[in-house]
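K.L.:
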């Protein structure tokens with residue numbers, strides 16, 4: 002997709018297509034020379050797990066902040082369940098959120114943090130989704146320790162637990178597995194899938210493309226504040242026309258491939274080369290390399306989100 | 004609002020710095036008594052402030068007045084600036100502010116609960132000075148009625164003072180007056196707290212406006228401008244305990260009581276509080292929460 006102003010990550014049956022999260026012509030300008038988000042648009046339908054992808058500085062966190070009313074858009078709007086989001090919009094009661102790293106009152110225990118967070122909204126702590134939250138946090142007796150003694154991973158798990166206290170219909174998570182070990186990351190991914198199976202809608206940002214590929218049904222790709230692509234992860238991956246070539250002389254091979262028509266880019270990827278094709282076929286590349294006297298050891302078609310992601314960003318220039 | 008206020012106070016009562024700050028307000032009257040016991044003043048040497056310490060050794064009823072006078076000019080200012088300046092900025096510095104604001108709590112309600120709890124802690128700190136002063140003063144020197152104090156110095160008798168009950172009532176008025184005199188500091192520190200992620204910066208800003216005002220108030224060339232400075236009537240409360248005609252003319256009868264300067268001292272902070280809190284509300288309800 003080439004620099005569309007608006008995309009959709011929503012597909013599926015008619016009811017499921019009703020957008021839960023809508024971002025329309027969203028723009029955030031911090032100053033005359035800092036445009037964090039530029040005319041962004043996408044939708045997320047009920048039950049989807051949508052990944053928000055982009056390099057550092059793409060505007061992912063700014064977008065998520067505008068979605069939950071922490072930041073006011075310069076123009077455009079964000080909606081959840083059809084309600085335009087402003088600071089403290091009532092609809093935010095249906096949203097569980099963790100923006101950037103999970104933060105707490107450091108001198109309070111994990112449990113007191115959860116309790117005061119819940120009670121601040123006027124709720125009875127007995128009504129909170131505490132059992133599931135504590136299972137997610139998996140802190141054991143450490144739940145009664147002061148948060149300042151927690152590791153980053155423990156805080157992150159407690160942050161996800163806090164987001165789940167209100168049995169949210171929508172989860173908006175910014176880098177939810179940041180700081181977690183591989184086992185914890187897997188648990189969080191499984192949790193997100195379970196929540197989606199129960200009908201929750203999840204929008205998460207991540208810089209881990211493999212994570213998005215494993216967890217998300219849909220993805221929105223951003224770069225420099227703009228929408229690059231949006232859709233099913235499977236479609237984005239299939240659209241990738243990247244290939245990997247392992248050769249006996251990578252430096253010469255790179256020169257040969259760069260000189261070819263129908264090749265968008267070549268990147269060294271030890272021990273071979275990753276090639277973004279734009280019209281040329283893999284067999285054309287092999288023929289050119291063989292013709293140049295370069296032995297080709299391996300040729301692999303790439304259908305990974307990482308390649309799709311890098312290809313999309315390369316298209317954006 | 005009540006639930007927010009309740010959770011806010013729960014946080015404050017679990018916070019070590021609350022006990023450190025309030026502990027200072029308890030410690031100073033004890034230190035004053037200890038110092039007076041160790042080195043009792045025989046006669047007042049300096050200005051009127053000295054008389055409070057001098058008289059505190061005659062009856063414990065004067066000790067809270069002396070302690071309040073000592074504290075209100077420096078340490079209490081820091082204590083109230085700490086509670087107010089820390090209110091929002093500390094949550095921002097921990098990153099917890101965004102966790103609170105992604106809920107539909109209402110930014111105005113959050114500010115109100117933070118302000119009320121900070122003000123309440125400041126008031127408690129002010130009252131603790133007087134209560135501690137009364138207790139340790141009474142233990143050290145007894146609670147002799149003011150009218151019974153006869154000074155065997157060349158200065159003559161203290162004169163007919165108010166009843167003990169009236170004296171304690173005046174102490175209550177003094178607590179409220181001193182705290183309200185600091186309301187400009189509270190409002191300014193609170194306003195800065197909504198604008199920064201640095202709690203220390205907001206606390207120092209609160210203390211800074213007090214120091215700035217005191218310095219300007221000391222420049223007599225500023226003339227009537229000084230009457231509009233937030234700290235100009237700061238010490239007017241001691242008229243509640245000052246003999247009519249002043250300490251150098253003891254024996255003239257009752258204390259001065261409520262004065263017109265105290266009335267001005269009550270009215271003056273209103274404008275500052277409205278302006279500072281108005282800016283705080285306007286700013287915070289519109290600010291982009293990035294921390």
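Chains as they are written, first to last, in our numbering: chain A, 2 to 318; chain B, 4 to 294.
Each residue gets a CB set at the ideal place from its N, CA and C atoms; glycine is no exception.
Kindly list, in the order they appear in chain A, the residues whose Cβ is closer than 8 Å to that of residue 97 of chain B.
P.N.:
Along the second chain, read from residue 1 onward, the residue named residue 97 of chain B stands at position 94. Under the 8 Å cutoff, chain A gives 104, 105, 106, 107.
K.L.:
Residue 11 of chain B: buried (16+ other C-beta within 10 angstroms of its C-beta) or exposed?
P.N.:
Locating residue 11 of chain B in the second chain gives position 8, counting from the first residue. The residue in question, residue 11 of chain B, is buried, as its Cβ has 16 or more Cβ neighbours within 10 Å.
K.L.:
Assign residue 57 of chain A to buried or exposed, taking buried as 16 or more other Cβ atoms, counted over all protein chains shown, within 10 Å of its Cβ.
P.N.:
Within the first chain, numbered from 1, the residue matching residue 57 of chain A stands at position 56. Residue 57 of chain A comes out exposed.
K.L.:
What three-state label does DSSP hand residue 157 of chain B in the structure shown?
P.N.:
Counting from one through the second chain, the residue named residue 157 of chain B turns up at place 154. Since pLDDT at residue 157 of chain B reaches only 45, below the 50 mark, its modelled position is unreliable, and the value read off the structure follows with that caveat. Residue state, collapsed to three classes: coil.
K.L.:
Return the chain-ordered list of same chain residues with a C-beta closer than 8 Å to the C-beta of residue 4 of chain A, the five sequence neighbours on each side being excluded.
P.N.:
Counting from 1 along the first chain, the entry for residue 4 of chain A is found at position 3. Because residue 4 of chain A sits at a pLDDT of 35, beneath the cut-off of 50, its placement in the model cannot be relied upon, and the following sentence gives the value as read from the coordinates. Cβ neighbours of residue 4 of chain A beyond the five flanking positions: 227, 228, 229, 317.
K.L.:
Find the residues of chain D that neighbour residue 108 of chain B, judging by a C-beta separation of less than 8 Å, and give them in chain order.
P.N.:
You won't find chain D in this structure, because its protein chains are A and B.
K.L.:
Any beta carbon from chain B within less than 7 Å of residue 137 of chain A's own beta carbon?
P.N.:
Sequence index remark: in the first chain, residue 137 of chain A carries index 136 (1-based). Chain B, which has no Cβ nearer than 7 Å to the Cβ of residue 137 of chain A, makes this no.
K.L.:
Could you name the residues that DSSP lists as bridge partners for residue 212 of chain B?
P.N.:
Indexing the second chain from 1 puts residue 212 of chain B at position 209. For residue 212 of chain B, which the question treats as bridged, DSSP gives no partner whatsoever.
K.L.:
Check each candidate in B/190, B/148, B/74 and name the one with the smallest Cα separation from residue 281 of chain B.
P.N.:
Within the second chain, residue 281 of chain B is the residue found at index 278, counting from 1. Comparing Cα-Cα distances from residue 281 of chain B to each of B/190, B/148, B/74, the minimum goes to B/190.
K.L.:
For residue 196 of chain B, which residues in chain A fall below 8 Å Cβ to Cβ?
P.N.:
Numbered from 1 along the second chain, position 193 holds the residue referred to as residue 196 of chain B. Within 8 Å Cβ-Cβ: nothing; residue 196 of chain B doesn't reach chain A, min ~16 Å.
K.L.:
Near residue 185 of chain B, which residues of its chain fall below 6 Å by C-beta distance, leaving aside the five closest residues on each side in sequence?
P.N.:
Counted from its first residue, the second chain places residue 185 of chain B at position 182. For residue 185 of chain B, where only same-chain residues beyond five positions count, the Cβ hits under 6 Å are 83.
K.L.:
Looking only at its own chain, which residues have a Cβ that is under 7 Å from the Cβ of residue 208 of chain B, when we skip the five neighbours before and after it?
P.N.:
For the purposes of this step, residue 208 of chain B is taken as the residue at position 205 of the second chain. Excluding residues within five positions, the ones whose Cβ falls inside 7 Å are 88, 191, 192, 195.
K.L.:
Measure from the C-beta of residue 61 of chain B to each C-beta in chain A and report whether the shortest distance is under 7 Å.
P.N.:
The residue you call residue 61 of chain B lines up with position 58 of the second chain. Answer no: the Cβ-Cβ gap between residue 61 of chain B and chain A never drops below 7 Å.
K.L.:
According to DSSP, is residue 1 of chain A helix, strand or coil?
P.N.:
Outside the modelled stretch of chain A, which goes from 2 to 318, sits residue 1 of chain A, for which no answer is possible.
K.L.:
In chain B, which residues lie less than 8 Å from residue 81 of chain A when you measure between Cβ atoms?
P.N.:
Counted from its first residue, the first chain places residue 81 of chain A at position 80. Near residue 81 of chain A there are no residues of chain B at all, since even the closest Cβ is about 12 Å away, more than 8 Å.
K.L.:
What residue from B/201, B/170, B/283, B/200 has the CA that sits closest to residue 241 of chain B's CA?
P.N.:
Within the second chain, the letter at position 238 stands for residue 241 of chain B. Checking every option, the nearest Cα to that of residue 241 of chain B belongs to B/170.
K.L.:
Strictly by DSSP, which residues pair up with residue 173 of chain A?
P.N.:
For this step, residue 173 of chain A is matched to residue 172 along the first chain. Note: residue 173 of chain A sits in a beta bridge opposite A/98, A/204.
K.L.:
Should residue 244 of chain A and residue 276 of chain A be called a contact, given that it needs their Cβ atoms to be closer than 7 Å?
P.N.:
Your numbering for residue 244 of chain A matches position 243 in the first chain. Your numbering for residue 276 of chain A matches position 275 in the first chain. Yes, they are a contact pair.
K.L.:
Report the residue from B/14, B/219, B/237 whose alpha carbon sits nearest the alpha carbon of residue 266 of chain B.
P.N.:
For the purposes of this step, residue 266 of chain B is identified with residue 263 of the second chain, where counting begins at 1. For the residues B/14, B/219, B/237, the minimum Cα distance to residue 266 of chain B belongs to B/237.
K.L.:
Mind checking which residues open and close the alpha helix (DSSP H) that includes residue 1 of chain A?
P.N.:
The first residue shown for chain A is 2 and the last is 318, placing residue 1 of chain A beyond what the model contains.
K.L.:
What residues from chain B crowd round residue 86 of chain A, counting only those whose CB sits closer than 7 Å?
P.N.:
Against the first chain, residue 86 of chain A aligns to sequence position 85. The premise fails here: residue 86 of chain A is roughly 10 Å from chain B at the closest Cβ pair, so nothing lies under 7 Å.
K.L.:
Can you name, in chain order, every residue of its own chain whose Cβ lies under 7 Å from the Cβ of residue 55 of chain A, other than the five neighbours on each side?
P.N.:
Taking the first residue of the first chain as position 1, residue 55 of chain A is located at position 54. 61, 222, 223, 224, listed in sequence order.
K.L.:
Would you mind telling me which residues of chain B sit closer than 8 Å to residue 73 of chain A, beta carbon to beta carbon, in chain order?
P.N.:
Counting from one through the first chain, the residue named residue 73 of chain A turns up at place 72. Neighbours of residue 73 of chain A on chain B, chain order: 289, 291.
K.L.:
Can you find a CB in chain B that lies within less than 7 Å of the CB of residue 98 of chain A?
P.N.:
One-based indexing of the first chain puts residue 98 of chain A at position 97. Closer than 7 Å: yes.
K.L.:
Run through the region 273-302 of chain A for me and flag every whole alpha helix (DSSP H) of 4 or more residues, listed as ranges in chain order.
P.N.:
The region 273-302 of chain A contains these whole alpha helix (DSSP H) runs: 283-292.
K.L.:
Around the C-beta of residue 142 of chain B, are 16 or more other C-beta atoms found within 10 angstroms, so that it is buried, or is it exposed?
P.N.:
Translated into positions along the second chain, residue 142 of chain B becomes position 139. Label assigned to residue 142 of chain B: exposed.
K.L.:
Taking 7 Å as the threshold (beta carbon to beta carbon), is residue 93 of chain A in contact with chain B?
P.N.:
Taking the first residue of the first chain as 1, we reach residue 93 of chain A at position 92. Answer yes: the Cβ-Cβ gap between residue 93 of chain A and chain B drops below 7 Å somewhere.
K.L.:
Can you check whether the CB of residue 86 of chain A is closer than 7 Å to the CB of residue 79 of chain A?
P.N.:
Residue 79 of chain A sits at position 78 when you count from the first residue of the first chain. Residue 86 of chain A sits at position 85 when you count from the first residue of the first chain. Their beta carbons are under 7 Å apart, which means residue 79 of chain A touches residue 86 of chain A by this criterion.
K.L.:
Measure from the alpha carbon of residue 26 of chain A to the alpha carbon of each residue in A/126, A/64, A/263, A/59, then state which is nearest.
P.N.:
The residue labelled residue 26 of chain A in the question sits at position 25 within the first chain. Per the Cα distances, A/64.
K.L.:
Measuring alpha carbon to alpha carbon, tell me which of B/187, B/13, B/133 ends up nearest residue 109 of chain A.
P.N.:
Position 108 of the first chain, counted from the start, is the residue given in the question as residue 109 of chain A. Cα-wise, what sits closest to residue 109 of chain A is B/13.
K.L.:
Can you give me the C-alpha to C-alpha distance between residue 219 of chain A and residue 118 of chain B, rounded to a whole angstrom?
P.N.:
Within the first chain, numbered from 1, the residue matching residue 219 of chain A stands at position 218. Within the second chain, numbered from 1, the residue matching residue 118 of chain B stands at position 115. Roughly 44 Å between the two C-alpha positions.
K.L.:
How would you call residue 97 of chain A, buried or exposed, if buried means at least 16 neighbouring beta carbons within 10 angstroms?
P.N.:
Position 96 of the first chain, counted from the first residue, corresponds to residue 97 of chain A. Classification of residue 97 of chain A: buried, given that the 10 Å Cβ count is 16 or more.
K.L.:
Going along chain B, which residues have a C-beta under 8 Å from residue 101 of chain A?
P.N.:
Stepping through the first chain from its first residue, residue 101 of chain A is reached at position 100. What residue 101 of chain A touches in chain B: 98, 101.
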